[in-house]
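Protein chains in written order, with my numbering: chain A, 294 to 379; chain B, 520 to 751; chain C, 16 to 180.
C-beta atoms are modelled at their ideal positions from N, C-alpha and C, and glycine is treated no differently.
Bear in mind that the values here come from a model prediction, so they are computed numbers and not experimental data.
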Amino acid sequence: MEDGRALVLACSAIGAGLAMIAGIGPGIGQGYAAGKGAEAVGRQPEAQSDVVRTMLLGAAVAETTGIYGLIVAIILLFANPLVGQV
Amino acid sequence: MDSNLDFGIKMPIKLFEVDGQWFGFTTTHVNTVIVILALTLFGLFVRAKLKNFKTIPDTKFQVFVELLVDGFEAFTMSTMGEKNKKFSMFYGPIFLFILLSNLTGLVGLRPPTADIATTFALSLTTFFMVQMYGVRSKGFGGYYKELFEPVPVLFPLNVIGELSNPVSLSFRLFGNILGGTIIMALYYTMMPWFALIGIPSVLHLYFDIFAGVLQTFIFVMLSMTFVSSAME
Amino acid sequence: MEQHAWILALSAIGAGLAMIAGIGPGIGQGFAAGKAAEAMGKNPKYGGRPATVVMLLGAAVAETSGIFSLVVAIIMLFANPLVSRGGVTAILAASALGAGFAMIAGIGPGIGQGYAAGKAAEAVGKRPKLQSAIVRTMLLGQAVAQTTGIYALIVALLLLFVNLF
Numbered sequence: 294m295e296d297g298r299a300l301v302l303a304c305s306a307i308g309a310g311l312a313m314i315a316g317i318g319p320g321i322g323q324g325y326a327a328g329k330g331a332e333a334v335g336r337q338p339e340a341q342s343d344v345v346r347t348m349l350l351g352a353a354v355a356e357t358t359g360i361y362g363l364i365v366a367i368i369l370l371f372a373n374p375l376v377g378q379v
Numbered sequence: 520m521d522s523n524l525d526f527g528i529k530m531p532i533k534l535f536e537v538d539g540q541w542f543g544f545t546t547t548h549v550n551t552v553i554v555i556l557a558l559t560l561f562g563l564f565v566r567a568k569l570k571n572f573k574t575i576p577d578t579k580f581q582v583f584v585e586l587l588v589d590g591f592e593a594f595t596m597s598t599m600g601e602k603n604k605k606f607s608m609f610y611g612p613i614f615l616f617i618l619l620s621n622l623t624g625l626v627g628l629r630p631p632t633a634d635i636a637t638t639f640a641l642s643l644t645t646f647f648m649v650q651m652y653g654v655r656s657k658g659f660g661g662y663y664k665e666l667f668e669p670v671p672v673l674f675p676l677n678v679i680g681e682l683s684n685p686v687s688l689s690f691r692l693f694g695n696i697l698g699g700t701i702i703m704a705l706y707y708t709m710m711p712w713f714a715l716i717g718i719p720s721v722l723h724l725y726f727d728i729f730a731g732v733l734q735t736f737i738f739v740m741l742s743m744t745f746v747s748s749a750m751e
Numbered sequence: 016m017e018q019h020a021w022i023l024a025l026s027a028i029g030a031g032l033a034m035i036a037g038i039g040p041g042i043g044q045g046f047a048a049g050k051a052a053e054a055m056g057k058n059p060k061y062g063g064r065p066a067t068v069v070m071l072l073g074a075a076v077a078e079t080s081g082i083f084s085l086v087v088a089i090i091m092l093f094a095n096p097l098v099s100r101g102g103v104t105a106i107l108a109a110s111a112l113g114a115g116f117a118m119i120a121g122i123g124p125g126i127g128q129g130y131a132a133g134k135a136a137e138a139v140g141k142r143p144k145l146q147s148a149i150v151r152t153m154l155l156g157q158a159v160a161q162t163t164g165i166y167a168l169i170v171a172l173l174l175l176f177v178n179l180f
């Protein structure tokens, strides 16, 4: 494991960590959706299943950037494309 | 000091070895069998007692069983709508299985749900149920046309949204239960003896009971919501 | 000894970085507390008590990302797996740093779940009879908001415990 590969893999570990910081966005966004969902149920309880369904649909769409961050991190950790080019 | 700290999955029963990699029953398999055995025994016990159930329940046991069944049907109907009452027969046992396996942390077993294999298998059942019931209720073209809603350029985003459901479902359950297991393992190995008297019960209360019940409820309710919105 | 020092040094930094996620629950639970106080003000006789109960429940759920960061930090400080794990020092040290960075994602769910707890407390303050429906929706939304925090925890644990490279 000469220095080049070690350096690339070390920085890949840091990169994977940094990639996960993307989780801030969906966290806040889905939290906002949850808050408004709870408020809407408070205002109209009979519409609860529709409110919950719409909230989850929106939350699933908001999830995608979190999934992108996870995918990049998993790629860096498991299928590192950079180390082969050292 | 951290030598006896282990919360990993060991392999008590080794079956065979394939080029250096052992295959066999891991702690997750063993604990899953224990949980299923407990549920089956409970089911058989209820069936044995079923003969002397009366229309007006007089024994506390019958009241408990009816509470369980009715409660779950009400929960299913409120989430999936009146016409989907039959799903409670599927999601009831799944709810009990996940709940019991989350709570095994209390009796010192390693929860089977603290293993990505179990949770991913559970979320895959939801994924394939969503596809099947979506296609059955809207036809093959009808259901997959929805991936092009509202405007075709959103197709990749919709596909990722669809595929992210099983991933987020399984990782959520797995992460929470694993986090709880790690914290308890850390606490038990690191704390001196006098700290092990009262305080672990509070930690168990939060991680095993509160988080365990909450995650079970979330997993089942999300699965139901996904299936019923696919059938809409 | 030189190798060891690098791993422990960067583990210290990693533990520090992990705790930055405390910003999230801080802001979120603050918002929830404010909303519960507001609900108590508006409807002290009926709405106050249930709003407080819902706020506390929501704040407890919002706490999870802070607890996960604490877990990762304590693992790095007291039971550091990287030290006993074989491998190139540079990679192990960088893994500790990466795990710390990953846990910063806890800020998001902390804020989001706190906001949900606040809005739910406000809604229960207005109409206390609907507490169970509101709490159910809040818990569901909060659990969904938790997922990216869980992704970060899993990546951090992978970096710490699994021989990836």
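Please state the DSSP three-state secondary structure of residue i.
i: glycine 562 of chain B; result: helix
i: glycine 318 of chain A; result: helix
i: valine 554 of chain B; result: helix
i: alanine 337 of chain A; result: The sequence as given places glutamine at residue 337 of chain A; alanine does not occur at that position. Reduced to three states, the DSSP call for glutamine 337 of chain A is coil.
i: phenylalanine 591 of chain B; result: helix
i: phenylalanine 542 of chain B; result: strand
i: threonine 163 of chain C; result: helix
i: alanine 567 of chain B; result: helix
i: arginine 100 of chain C; result: coil
i: lysine 329 of chain A; result: helix
i: aspartate 521 of chain B; result: Unreliable placement is indicated for aspartate 521 of chain B, whose pLDDT of 46 sits below 50; the coordinate value is still reported in the next sentence. In this structure, aspartate 521 of chain B counts as coil in the three-state DSSP scheme.
i: glutamate 665 of chain B; result: helix
i: threonine 574 of chain B; result: coil
i: isoleucine 728 of chain B; result: helix
i: glycine 600 of chain B; result: coil
i: glutamate 78 of chain C; result: coil
i: glycine 62 of chain C; result: coil
i: alanine 353 of chain A; result: helix
i: proline 374 of chain A; result: coil
i: leucine 179 of chain C; result: coil
i: alanine 94 of chain C; result: coil
i: isoleucine 528 of chain B; result: coil
Can you tell me the Cβ-Cβ gap for residue i and residue j, rounded? I've got them flagged as a contact below 8 Å.
i: glycine 113 of chain C; j: serine 80 of chain C; result: Their Cβ separation, rounded to whole angstroms, is 18 Å, which puts glycine 113 of chain C and serine 80 of chain C out of contact at 8 Å.
i: leucine 666 of chain B; j: asparagine 550 of chain B; result: Not a contact, Cβ separation roughly 38 Å.
i: valine 301 of chain A; j: alanine 148 of chain C; result: Not really, about 53 Å apart at Cβ, beyond 8 Å.
i: phenylalanine 116 of chain C; j: leucine 32 of chain C; result: 6 Å
i: glycine 322 of chain A; j: glycine 156 of chain C; result: Actually they do not touch by this definition, with Cβ atoms about 11 Å apart.
i: threonine 633 of chain B; j: phenylalanine 693 of chain B; result: Residue identity check: residue 633 of chain B is alanine in the sequence provided, not threonine. The Cβ separation is near 7 Å, so the contact holds.
i: glycine 29 of chain C; j: alanine 111 of chain C; result: 4 Å
i: valine 732 of chain B; j: tyrosine 610 of chain B; result: The Cβ separation is near 15 Å, so there is no contact.
i: leucine 619 of chain B; j: leucine 556 of chain B; result: Actually they are not in contact, since the Cβ atoms of leucine 619 of chain B and leucine 556 of chain B sit about 11 Å apart, beyond 8 Å.
i: isoleucine 106 of chain C; j: alanine 303 of chain A; result: 5 Å
i: isoleucine 169 of chain C; j: phenylalanine 690 of chain B; result: 6 Å
i: methionine 55 of chain C; j: glycine 63 of chain C; result: 4 Å
i: proline 685 of chain B; j: phenylalanine 736 of chain B; result: Incorrect: roughly 18 Å between the Cβ atoms, too far for contact.
Return the first residue and the last residue of the alpha helix (DSSP H) that residue i is part of.
i: glutamate 17 of chain C; result: 17-33
i: valine 739 of chain B; result: 731-750
i: arginine 691 of chain B; result: 674-709
i: leucine 715 of chain B; result: First-last for leucine 715 of chain B: undefined, no H or E at that position.
i: valine 626 of chain B; result: Counting along the chain, valine 626 of chain B falls outside any alpha helix (DSSP H), and DSSP gives it neither H nor E.
i: glutamate 53 of chain C; result: 38-57
i: tyrosine 652 of chain B; result: 635-657
i: tyrosine 610 of chain B; result: 607-622
i: glycine 308 of chain A; result: 296-312
So which residues on chain B does residue i lean against when the C-beta distance must stay under 9 Å?
i: threonine 358 of chain A; result: By Cβ distance, chain B contributes nothing, its closest Cβ being about 10 Å from threonine 358 of chain A, past 9 Å.
i: serine 305 of chain A; result: Chain B residues near serine 305 of chain A: none, gap ~21 Å exceeds 9 Å.
i: glutamine 44 of chain C; result: Going along chain B, no residue has its Cβ under 9 Å from glutamine 44 of chain C, so there is no contact; the nearest lies around 16 Å.
Output, in chain order, the set of chain A residues within a Cβ distance shorter than 8 Å of residue i.
i: glycine 680 of chain B; result: Ala353, Val354, Glu356, Thr357
i: leucine 741 of chain B; result: Leu349
Going along chain B in order, which residues have a C-beta closer than 8 Å to the C-beta of residue i?
i: valine 86 of chain C; result: Gly698, Ile701, Ile702, Leu705
Residue i versus chain A: which residues are under 7 Å apart at the beta carbon?
i: glycine 31 of chain C; result: Within 7 Å Cβ-Cβ: nothing; glycine 31 of chain C doesn't reach chain A, min ~13 Å.
i: arginine 142 of chain C; result: Gly335
Run through chain A and tell me which residues come within less than 9 Å of residue i, C-beta to C-beta.
i: asparagine 695 of chain B; result: Within chain A, no residue comes near asparagine 695 of chain B; the closest Cβ sits about 15 Å away, beyond 9 Å.
What residue does the beta strand (DSSP E) around residue i start on, and which one ends it?
i: glutamate 536 of chain B; result: 532-537
Taking C-beta pairs closer than 7 Å, name the residues in chain B that residue i reaches, listed in chain order.
i: valine 345 of chain A; result: Thr744
Mind listing the chain C neighbours of residue i? Cutoff is C-beta to C-beta under 7 Å, in chain order.
i: tyrosine 383 of chain A; result: Nothing can be reported for residue 383 of chain A, as the shown portion of chain A is limited to 294 through 379.
i: phenylalanine 639 of chain B; result: Ordered by position in chain C, no residue passes the 7 Å Cβ test against phenylalanine 639 of chain B, which lies about 12 Å from the chain.
i: proline 338 of chain A; result: Leu145, Ala148
i: isoleucine 314 of chain A; result: Phe116, Ile119, Ala120
Could you list which residues in chain C have their beta carbon closer than 8 Å to that of residue i, in chain order?
i: leucine 733 of chain B; result: Val76, Leu154, Ala158
Starting from residue i, find everything on chain C with Cβ-Cβ shorter than 9 Å and list it in chain order.
i: arginine 566 of chain B; result: Near arginine 566 of chain B there are no residues of chain C at all, since even the closest Cβ is about 32 Å away, more than 9 Å.
Note down, one range per segment and in chain order, each beta strand (DSSP E) of at least 3 residues found wholly within the stretch 105-160 of chain C. none
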